[in-house]
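Q:
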Amino acid sequence: MKRALVLAGLSLLALIVQASAGRVLAPQWCPDLGLLVVVGFGLSLRSPATGVGLAALVGYLSDLLSGSLVGQHMLLRMAAFAAARVGSRRLNLRGPVPLAIFAAALSAAHGLALWALVSFFASGSAPPWPPVGDFFAQAVVNGLLAPLVAAGVAWVCQALGDEEAARLMRLEPRKFPA
Amino acid sequence: MADLRVRMRLPLLVVGLVAVATVSMVVDRRALRGGPRDLPPWAGPILDAAVPIQKAITFPIDFVRHSWGRYGDLVGIAEENALLHERLHALEEENLQLREALVASGRLARIAEMRADFEVPMLPAQLVGSDVSAFFRSVLVDRGRAHGIRSGMPVISEEGIVGLVTATSNRASRATLLLDRQTAIDGTVQRSRTRGIVRGRGTDLVEFEFVARGGDVEVGDVVITSGLDGVYPKGLRVGIVTAVSEAGAELLRTATLVPAVDFGRLEQAFVILRRGPSMELLYRTEGGDAEAETASAGASGR
Numbered sequence: 030m031k032r033a034l035v036l037a038g039l040s041l042l043a044l045i046v047q048a049s050a051g052r053v054l055a056p057q058w059c060p061d062l063g064l065l066v067v068v069g070f071g072l073s074l075r076s077p078a079t080g081v082g083l084a085a086l087v088g089y090l091s092d093l094l095s096g097s098l099v100g101q102h103m104l105l106r107m108a109a110f111a112a113a114r115v116g117s118r119r120l121n122l123r124g125p126v127p128l129a130i131f132a133a134a135l136s137a138a139h140g141l142a143l144w145a146l147v148s149f150f151a152s153g154s155a156p157p158w159p160p161v162g163d164f165f166a167q168a169v170v171n172g173l174l175a176p177l178v179a180a181g182v183a184w185v186c187q188a189l190g191d192e193e194a195a196r197l198m199r200l201e202p203r204k205f206p207a
Numbered sequence: 006m007a008d009l010r011v012r013m014r015l016p017l018l019v020v021g022l023v024a025v026a027t028v029s030m031v032v033d034r035r036a037l038r039g040g041p042r043d044l045p046p047w048a049g050p051i052l053d054a055a056v057p058i059q060k061a062i063t064f065p066i067d068f069v070r071h072s073w074g075r076y077g078d079l080v081g082i083a084e085e086n087a088l089l090h091e092r093l094h095a096l097e098e099e100n101l102q103l104r105e106a107l108v109a110s111g112r113l114a115r116i117a118e119m120r121a122d123f124e125v126p127m128l129p130a131q132l133v134g135s136d137v138s139a140f141f142r143s144v145l146v147d148r149g150r151a152h153g154i155r156s157g158m159p160v161i162s163e164e165g166i167v168g169l170v171t172a173t174s175n176r177a178s179r180a181t182l183l184l185d186r187q188t189a190i191d192g193t194v195q196r197s198r199t200r201g202i203v204r205g206r207g208t209d210l211v212e213f214e215f216v217a218r219g220g221d222v223e224v225g226d227v228v229i230t231s232g233l234d235g236v237y238p239k240g241l242r243v244g245i246v247t248a249v250s251e252a253g254a255e256l257l258r259t260a261t262l263v264p265a266v267d268f269g270r271l272e273q274a275f276v277i278l279r280r281g282p283s284m285e286l287l288y289r290t291e292g293g294d295a296e297a298e299t300a301s302a303g304a305s306g307r
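Protein chains in written order, with my numbering: chain C, 30 to 207; chain Y, 6 to 307.
(1) What does the alpha-carbon distance come out to for the pair Leu94(C) and Ile245(Y)?
(2) Contact criterion: CB-CB distance below 8 Å. Does Arg150(Y) meet it with respect to chain C?
(3) How many angstroms separate the CA atom of Arg196(Y) from the CA atom of Val222(Y)?
(4) Identify the contact partners of Ser162(Y) in chain C, using a Cβ-Cβ distance below 8 Å as the criterion.
(5) Let me know if Gly240(Y) comes out buried or exposed under the rule of 16 or more other beta-carbons within 10 Å of its beta-carbon.
(6) What's the C-alpha gap between Trp73(Y) and Pro160(C)?
(7) What are the boundary residues of the beta strand (DSSP E) that includes Ser143(Y)?
(8) I'd like to check one pair, Val160(Y) with Val276(Y): are the Cβ atoms closer than 8 Å?
(9) So, is the C-beta of Arg52(C) closer than 8 Å to a C-beta in chain Y?
(10) Along chain C, which residues have their Cβ under 7 Å away from the Cβ of Ile58(Y)?
(11) So, using beta-carbon positions, are Leu72(C) and Ala113(C) closer together than 8 Å?
(12) If Val146(Y) sits next to Ala274(Y), beta carbons under 8 Å apart, how far is it from one beta carbon to the other, in whole angstroms?
(13) Give every residue of the same chain whose Cβ lies closer than 8 Å to the Cβ of Pro15(C), excluding the five residues on either side of it in the sequence, and list them in chain order.
(14) Relative to the C-alpha of Ala55(Y), which residue among Ala175(C), Ser91(C), Gly162(C) and Arg123(C) is closest?
(15) Would you identify the three-state DSSP class for Val108(Y), choosing helix, strand or coil?
(16) Should Thr199(Y) be flagged as near chain C, meaning a C-beta pair shorter than 8 Å?
(17) Are three or more beta carbon pairs between the region 64-78 of chain C and the region 6-21 of chain Y nearer than 8 Å?
(18) Can you say whether Asp185(Y) is buried or exposed, counting buried as having 16 or more other CB atoms within 10 angstroms of its CB?
(19) Just to confirm the assignment, what range does the alpha helix (DSSP H) spanning Phe149(C) have?
(20) Go ahead and pull the three-state DSSP assignment for Gln47(C).
(21) Asp67(Y) lies in the alpha helix (DSSP H); which residues open and close that run?
(22) Pull up the distance between the alpha-carbon of Arg14(Y) and that of Asp8(Y), whole angstroms please.
(23) Let me know if Ile82(Y) comes out buried or exposed under the rule of 16 or more other beta-carbons within 10 Å of its beta-carbon.
(24) Is the distance from the Cβ of Leu44(C) to the Cβ of Val137(Y) below 8 Å?
(25) Output, in chain order, the set of chain Y residues within a Cβ distance shorter than 8 Å of Met30(C).
(26) Can you list, in chain order, the stretches of the beta strand (DSSP E) that have 3 or more residues and sit fully within the region 235-267 of chain Y?
(27) Using only CA atoms, which one of Leu37(Y), Asp67(Y), Pro45(Y) and Leu262(Y) lies nearest to Arg52(C)?
(28) Can you give the Cα-Cα distance for Ala61(Y) and Val46(C), rounded to whole angstroms?
(29) Under 8 Å by Cβ, that's how I've got Phe150(C) and Arg34(Y) pegged, so tell me the actual separation to the nearest angstrom.
(30) Do we get a CB-CB distance below 8 Å when we pair Val169(C) with the residues of chain Y?
(31) Consult DSSP for Ile82(Y) and reduce its assignment to one of helix, strand or coil.
(32) Whose CA, out of Val35(C), Gly100(C) and Arg106(C), lies closest to the CA of Ser136(C)?
(33) Return helix, strand or coil for Gln102(Y), following the three-state DSSP convention.
(34) Hey, does Met30(Y) have any beta-carbon neighbour from chain C nearer than 8 Å?
(35) Assess contact between the region 250-265 of chain Y and the region 211-227 of chain Y, defined as three or more Cβ pairs (one per stretch) separated by less than 8 Å. Is contact present?
(36) Is there at least one Cβ from chain Y nearer than 8 Å to Trp144(C)'s Cβ?
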């Protein structure tokens with residue numbers, strides 16, 4: 030419980046920092062820290078239930094700090110957590126490059142899914158399609174920052190007593206019995 | 006049985022959270038359509054807590070930006086000063102001529118009487134944070150319900166339209182900007198009175214959609230609010246036309262506008278403490294918006 034609360038608090042802080050950074054950086058160059066933190070949860074947290082709950086909370090906080098409908102980011106952050114969880118089991122995300130590529134692809138998919146959700150709930154005609162350049166720019170920024178944020182999340186999880194976090198992130202080699 | 010319960014815990018949690026998210030979206034959509042949309046009691050404190058932290062984070066950023074901006078302003082200030090003096094003289098002369106014309110037509114006294122009715126109570130608010138999603142364009146401001154702000158109130162600056170308050174907590178509000186994809190404003194070209202709809206595109210430019218037949222829109226035209234959408238008062242600057250689509254066989258043509266407000270440098274805005282319809286904003290009607298009136302009285306007394 031204590032671990033979940035600390036992680037929730039740190040996630041809120043990450044979102045606030047992101048919102049403040051948005052006043053200086055153009056939106057497409059501003060990293061989506063909420064998404065990256067959730068990816069970090071997917072890679073590091075041992076308990077999937079805690080991870081899903083935290084992802085939903087990060088999504089809800091994102092909805093509050095964004096112009097979206099309440100629930101849109103919540104749904105997408107849970108999907109991002111599931112993708113990161115499955116990705117960490119099925120793909121070799123060891124090392125910064127594969128993780129950066131995975132985060133960039135996930136960021137682009139997240140943008141598309143958000144547009145689809147907004148269009149579905151739009152009262153009149155669908156909102157304009159976002160410029161491809163913006164999608165690409167944010168995917169690159171998110172990809173570049175993903176290894177750093179994921180390592181940070183793993184470090185916090187480990188510091189809070191999740192011994193498996195470092196192993197899941199491959200920060201430590203697995204210890205086999207002699 | 007216990008094993009089944011443990012095994013079903015995760016799927017049940019996921020289904021429950023997905024259901025909560027879906028229901029929230031539907032409920033929020035309905036609330037937005039219905040007008041006022043205040044955040045639930047448990048969500049408000051989160052927004053309230055975010056404001057001081059964001060202020061603390063943005064303070065050094067704003068300080069550096071201000072200092073650099075002041076230095077930039079000093080460069081070439083003498084030339085600009087001379088230019089402004091020249092313009093001031095020209096405008097004073099024009100003003101005098103217009104006053105003379107009004108006195109001659111006997112309308113000045115009537116306009117002076119009406120002025121009190123046109124004055125709309127406004128509250129200055131500081132922008133403390135932007136949207137956490139690149140898809141949406143909204144800002145967090147440091148004034149909320151306690152200061153008289155309600156959802157649906159327009160936000161403006163001295164340059165023109167900024168956006169609309171879409172969510173409020175006790176001490177903070179979220180305003181959706183003119184640039185947001187979900188924004189639509191009824192606008193008029195100041196020169197030709199051609200009417201159309203201004204829509205955000207999620208970029209730094211906005212679109213002005215107007216009927217092709219008889220639509221007289223040219224590059225350089227200023228688009229202002231028409232007041233007919235029942236949200237924004239009439240006559241506020243929206244933007245300047247930078248491009249107009251070719252007149253083809255289509256019913257609607259589109260012009261691209263540069264917003265009158267420089268959103269990149271915007272730090273302070275004013276919330277108009279009255280909700281639409283526009284006629285109520287500009288002309289006090291019987292009954293009026295008692296709630297907003299009380300709030301504005303409270304805010305001005307602060």
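Using N, Cα and C, we set each Cβ at its ideal position, and we do this for glycine too.
A: Short version:
(1) 30 Å
(2) no
(3) 9 Å
(4) Near Ser162(Y) there are no residues of chain C at all, since even the closest Cβ is about 15 Å away, more than 8 Å.
(5) exposed
(6) 31 Å
(7) Ser143 to Val146
(8) yes
(9) yes
(10) Ile45
(11) yes
(12) 7 Å
(13) Past the boundaries of the shown model lies residue 15(C); chain C is included only from 30 to 207, so the question cannot be answered.
(14) Ser91(C)
(15) helix
(16) no
(17) yes
(18) buried
(19) Pro125 to Phe150
(20) helix
(21) Gly49 to Leu79
(22) 10 Å
(23) exposed
(24) yes
(25) Chain Y residues near Met30(C): none, gap ~15 Å exceeds 8 Å.
(26) 242-249 and 257-264
(27) Asp67(Y)
(28) 10 Å
(29) 5 Å
(30) no
(31) helix
(32) Arg106(C)
(33) helix
(34) yes
(35) yes
(36) yes
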